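Below is one structure, written out as structure tokens; comments come after it.
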Amino acid sequence: MVCSERKRLRLKTTTPIQVRYQETDQMGVVYHANYLVWFEIGRTAFIEALGFEYAVMEEQGIVSPVIDAHVYFNQPIRYGQKAYVNTFLDSYDGIRTTYRYEVTDEEGNIAVSGTTKHVIVKKENFKPTSLRKKFPHWHQAYLQALEGE
């Protein structure tokens with residue numbers, strides 16, 4: 000059974016981020032576009048925590064481009080602060096996957112949150128394909144991550 004409805008999320012990864020000087024803007028805070036890079040770092044860590052790698056998927060002719068992204072800014076992160084990206088699986092329907100992110104400071108305050116939606120496609124023609132058929136173990140791990148098992 001494919002889960003597409005939102006459930007209570009228990010599985011998450013927490014990835015520490017070294018805030019680099021070159022990531023800050025003239026105001027001394029992390030430049031807004033860098034949070035999307037941090038989301039990618041968190042997403043990659045989440046996938047690796049499940050035992051998978053994007054590189055293996057790509058070697059088999061499958062890619063997962065971003066088709067939608069949302070970023071919400073609550074408070075700035077500054078150079079010298081510790082930051083963490085908490086990554087969750089928000090929804091999954093076998094083809095589309097939405098990840099949810101919370102960037103926190105060292106006290107656990109949510110500085111930035113957001114989501115990215117990805118679709119699984121064939122690299123040569125960008126036609127959607129089923130993760131369930133192409134990578135059944137990955138599919139099963141996503142279902143379990145949604146259920147919090």
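Reminder that position 65 of the sequence shown reads as 64 in numbering that gives the first Met the number 0, one-by-one numbering, no gaps.
All C-beta atoms, glycine included, are put in the ideal place defined by N, C-alpha and C.
All of these numbers come straight from a predicted model, not from anything done at the bench.
Same chain, Cβ closer than 7 Å to residue i, five either side skipped, listed in chain order
i: residue 37; result: 16, 84 and 102
i: residue 22; result: 29, 30 and 33
Extent of the continuous beta strand (DSSP E) to which residue i belongs
i: residue 83; result: 81-91
i: residue 103; result: 95-104
Own chain residues within Cβ distance below 6 Å of residue i, not counting five before or after
i: residue 131; result: 93 and 138
i: residue 134; result: none
i: residue 1; result: Here the model assigns residue 1 a pLDDT of 35, short of 50, so the residue's position is not dependable, and the following value carries that caveat. So the qualifying residues of the chain are 92 and 93.
i: residue 28; result: 75 and 77
i: residue 45; result: 12 and 86
i: residue 194; result: The displayed coordinates of the chain run from 0 to 148. Any statement about residue 194 would go beyond what the structure contains.
i: residue 67; result: 116
i: residue 72; result: 111
Start and end residues, alpha helix (DSSP H) containing residue i
i: residue 122; result: Counting along the chain, residue 122 falls outside any alpha helix (DSSP H), and DSSP gives it neither H nor E.
i: residue 126; result: Where residue 126 is concerned, there is no enclosing alpha helix (DSSP H), given that its DSSP letter is neither H nor E.
Selected residue, minimal CA-CA separation from residue i, among the options
i: residue 81; options: 57, 19 and 12; result: 19
i: residue 69; options: 77, 60, 143 and 99; result: 99
i: residue 144; options: 105, 115, 89 and 112; result: 89
i: residue 141; options: 67, 96 and 26; result: 96
i: residue 123; options: 73, 61 and 25; result: 61
Own chain partners of residue i with C-beta closer than 8 Å, once the 5 adjacent residues on each side are dropped
i: residue 128; result: 61, 94, 119, 120 and 121
i: residue 65; result: 115, 116 and 117
task = Could you pull out every unbroken beta strand (DSSP E) segment of at least 3 residues lying fully inside the segment 8-80, listed in chain order?
result = 11-17 and 65-72
task = Please confirm if the segment 107-114 is in contact with the segment 47-56, defined as three or more CB-CB distances below 8 Å between the two stretches.
result = no
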